[in-house]
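K.L.:
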Amino acid sequence: MPRKTVTPGSVRSDSGASRASPAKARHFSMVREFSWADYVTMLNGASGSTSIFASLKYVVTGNIWWLYAAVLLQPAAFFFDIMDGRVARWLKTDSALGRELDSLSDIISFGVAPAVLGFAIGLQGLFDVVVLLFFVNCGVARLARYNVTAEANTDPSKGKVTFFEGTPIPTTVSISLMILYFVHKEWIGDNMLPFGKIIVGGWTLHPLVLIYGLSGALMISRTLRIPKL
Numbered sequence: 034m035p036r037k038t039v040t041p042g043s044v045r046s047d048s049g050a051s052r053a054s055p056a057k058a059r060h061f062s063m064v065r066e067f068s069w070a071d072y073v074t075m076l077n078g079a080s081g082s083t084s085i086f087a088s089l090k091y092v093v094t095g096n097i098w099w100l101y102a103a104v105l106l107q108p109a110a111f112f113f114d115i116m117d118g119r120v121a122r123w124l125k126t127d128s129a130l131g132r133e134l135d136s137l138s139d140i141i142s143f144g145v146a147p148a149v150l151g152f153a154i155g156l157q158g159l160f161d162v163v164v165l166l167f168f169v170n171c172g173v174a175r176l177a178r179y180n181v182t183a184e185a186n187t188d189p190s191k192g193k194v195t196f197f198e199g200t201p202i203p204t205t206v207s208i209s210l211m212i213l214y215f216v217h218k219e220w221i222g223d224n225m226l227p228f229g230k231i232i233v234g235g236w237t238l239h240p241l242v243l244i245y246g247l248s249g250a251l252m253i254s255r256t257l258r259i260p261k262l
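Residues 34 to 262 (the numbering used here) make up the sequence shown, in order.
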């Protein structure tokens, strides 16, 4: 029986018909597809991640300069968060991937990093940790809601979302700047934090942590609408 030949770049199906083979993925093909705006977004996530590492380094070493680094990396992340949108508009490279990258970077830089920073300066009681977890999860929920409702809330005449439901998560950088002042004044540590501490049932609550709780509640508010510039 003669051998059936198959032309290069095609495969033989069960019925004997020839069909084109799927294109072979190139190495690092995902990275190759990133736009310049996506790379700026990654700098946002990298700044937040490095802030977390610096906070942990302070906890281990007690070197105050690591704490300064942890705080200042968060405004750096805020800068990159602003710039990635502008670069996307300048180059007209807005994409679904870019929006997802932005949300994931934001939760690192403006959710997890500020919470870890708060823990590093002394918000380590059980009730403190519960509030910090509430804060982080409010940030996650807020970003998820934005991604789901962005299309419905887009103004057709302007082609963009014209308002935020709840405070945008990058506003948490204000907490980091407040902590920068505390670090400068050396108001850090379990017994040195402003507003002192309260012992409830043997567990510690620093009233300062309620600022994180308020920030989280404002992020998930559906009645608070902030115009988007």
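For each residue, glycine too, the CB sits at the ideal point set by N, CA and C.
1. Please report the straight-line C-alpha distance between threonine 237 and aspartate 135, rounded to a whole angstrom.
2. From Ser138, Ser82, Ala103, Gln107, pick the residue whose C-alpha is nearest to that of alanine 70; which is it?
3. Helix, strand or coil for phenylalanine 152, going by three-state DSSP, please let me know.
4. Give the secondary structure of proline 201 by DSSP, where H, G and I count as helix, E and B as strand, and everything else as coil.
5. Could you spell out where the beta strand (DSSP E) holding proline 108 opens and where it closes?
6. For my contact list, isoleucine 259 and threonine 200 are in at a C-beta cut-off of 8 Å; report their separation, rounded to the angstrom.
7. Going by DSSP, what residue range makes up the alpha helix (DSSP H) through arginine 258?
8. Let me confirm a value: valine 73 is counted as buried when at least 16 other C-beta atoms fall within 10 Å, else exposed. Which label applies?
9. In or out: methionine 252 buried (at least 16 other Cβ within 10 Å) or exposed?
10. Roughly how many angstroms separate the alpha carbons of glycine 95 and valine 206, rounded to a whole number?
11. Nearest CA to the CA of phenylalanine 86: which residue from Gln107, Ala177, Phe228?
P.N.:
Taking the geometry as given:
1. Against the sequence shown, residue 237 aligns to sequence position 204. Against the sequence shown, residue 135 aligns to sequence position 102. If I take the Cα positions, the gap works out to 35 Å.
2. Sequence index remark: in the sequence shown, residue 70 carries index 37 (1-based). Nearest C-alpha to alanine 70: Ser138.
3. Locating residue 152 in the sequence shown gives position 119, where the first residue counts as 1. For phenylalanine 152, the secondary structure class from DSSP, reduced to helix, strand or coil, is helix.
4. By one-based count along the sequence shown, residue 201 stands at place 168. Coil, per DSSP.
5. Walking along the sequence shown from the start, residue 108 turns up at place 75. Careful: proline 108 lies outside any beta strand (DSSP E), inside the alpha helix (DSSP H) at 97-124.
6. Numbered from its first residue, the sequence shown carries residue 259 at position 226. Numbered from its first residue, the sequence shown carries residue 200 at position 167. Contact flag correct, Cβ pair sits at about 7 Å.
7. As a working note, residue 258 is residue 225 in the sequence shown. DSSP places arginine 258 in no alpha helix (DSSP H) but in the uninterrupted beta strand (DSSP E) bounded by 258-260.
8. Mapped onto the sequence shown, residue 73 falls at position 40. Valine 73 comes out buried.
9. Your numbering for residue 252 matches position 219 in the sequence shown. Of the other Cβ atoms in all chains shown, 16 or more fall within 10 Å of the Cβ of methionine 252; this residue is therefore buried.
10. Taking the sequence shown and counting its residues from 1, one reaches residue 95 at position 62. Taking the sequence shown and counting its residues from 1, one reaches residue 206 at position 173. The straight-line gap from Cα to Cα measures roughly 23 Å.
11. Indexing the sequence shown from 1 puts residue 86 at position 53. Residue Gln107 is the option with its Cα nearest to phenylalanine 86.
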